[in-house]
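Enquirer:
Next up, the structure:
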């Protein structure tokens with residue numbers, strides 16, 4: 001009787017890659033990430049694996065990790081258009097349309113006859129224009145609402161109170177314009193907040209950020225100089241080492 005234990009079957013890089021691709025086709029993106037990660041451990045310079053995992057991370061809305069893999073793809077193979085395409089996809093999904101257009105354009109420079117890239121650039125450009133138009137509309141709407149509210153307050157003050165606060169027509173106009181200015185400021189602030197939130201999904205997850213900070217703390221060199229005895233100091237001086 002053979003008592004030898006059977007060893008687990010170890011998949012090759014290509015097998016992990018194919019299994020990851022199959023998982024992507026079936027919408028099993030977490031499993032795909034696991035297969036691509038295992039393949040990358042075995043072949044860390046395989047830029048195609050990073051590109052594939054970037055796509056899987058993007059499908060999981062893990063924009064930070066997806067961008068990291070896209071940048072690693074470009075680093076390993078800067079002349080491969082798909083690396084820039086992956087980065088553009090993440091940037092577009094994060095609302096960074098300017099950056100996405102730049103990345104798409106870089107990919108198009110490497111593949112000038114790729115009609116799909118041209119269409120992607122057009123789509124992102126249209127999205128950018130719509131975003132700017134929405135921002136302008138928000139500012140105008142808030143300004144008009146402020147003006148209307150100012151006029152309503154003036155009318156109510158004049159008709160419903162025995163001693164109106166705003167009697168002078170110039171004061172009435174100034175008050176209405178002032179409220180419209182407040183509306184403009186609110187609208188502008190709202191659009192600036194929207195612009196500020198663009199790309200926020202590219203920030204590292206809190207747990208990952210805390211780990212990086214802890215690693216940085218571990219690598220900090222203490223400022224205090226090591227104290228030596230007189231004998232140690234003489235010995236180090238003879239060796240040419242400065243205290």
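Numbering (the UniProt record's numbering), first residue to last: 1 to 243.
Where a beta carbon is used, it is the ideal one built from N, C-alpha and C, also for glycine.
Given a threshold of 16 other Cβ atoms within 10 Å of its Cβ, counted over all protein chains shown, does residue 17 qualify as buried or as exposed?
Expert: Buried.
Enquirer: Distance check for residue 156 and residue 67, CA to CA, integer angstroms please.
Expert: When rounded, the distance between both Cα atoms is 56 Å.
Enquirer: Leaving out the 5 sequence neighbours to the left and right, which residues in its chain are closer than 6 Å to residue 85 when beta-carbon positions are compared?
Expert: Result list for residue 85: 107, in chain order.
Enquirer: Alpha carbon to alpha carbon, how far is residue 177 from residue 26? Give it in angstroms, no decimals.
Expert: If I take the Cα positions, the gap works out to 59 Å.
Enquirer: Does the Cβ-Cβ distance between residue 145 and residue 172 come in under 8 Å?
Expert: Not a contact, by the Cβ cut-off of 8 Å.
Enquirer: Rounded to whole angstroms, what's the CA-CA distance from residue 15 to residue 21? Just pull it up for me.
Expert: Whole-angstrom Cα-Cα distance: 10 Å.
Enquirer: Kindly indicate which residue of 115, 136 and 128 has the alpha-carbon position closest to the one of residue 99.
Expert: It is 128 whose Cα lies nearest to the Cα of residue 99.
Enquirer: Beta-carbon within less than 6 Å of residue 142's beta-carbon, same chain only, minus the 5 sequence neighbours each way: which residues are those?
Expert: Closer than 6 Å at Cβ, skipping near neighbours: 183, 186 and 187.
Enquirer: DSSP on residue 90, reduced to helix/strand/coil?
Expert: Residue 90: helix per DSSP, three-state reduction.
Enquirer: Would you tell me roughly how many angstroms separate the C-alpha atoms of residue 79 and residue 39, rounded to the nearest one?
Expert: Residue 79 and residue 39: Cα-Cα distance of roughly 22 Å.
Enquirer: Hey, how far is the Cα of residue 57 from the Cα of residue 41?
Expert: So the alpha carbons of these two residues sit roughly 17 Å apart.
Enquirer: What's the C-alpha gap between residue 124 and residue 174?
Expert: Looking at the two C-alpha atoms, the distance is approximately 42 Å.
Enquirer: By the 10 Å Cβ neighbour count, where 16 or more other Cβ atoms means buried, how is residue 126 classified, buried or exposed?
Expert: Result: exposed.
Enquirer: Round the Cβ separation of residue 92 and residue 110 to the nearest angstrom and send it over; I've been treating them as touching at under 8 Å.
Expert: No, residue 92 and residue 110 are not in contact; Cβ-Cβ is about 18 Å, not under 8 Å.
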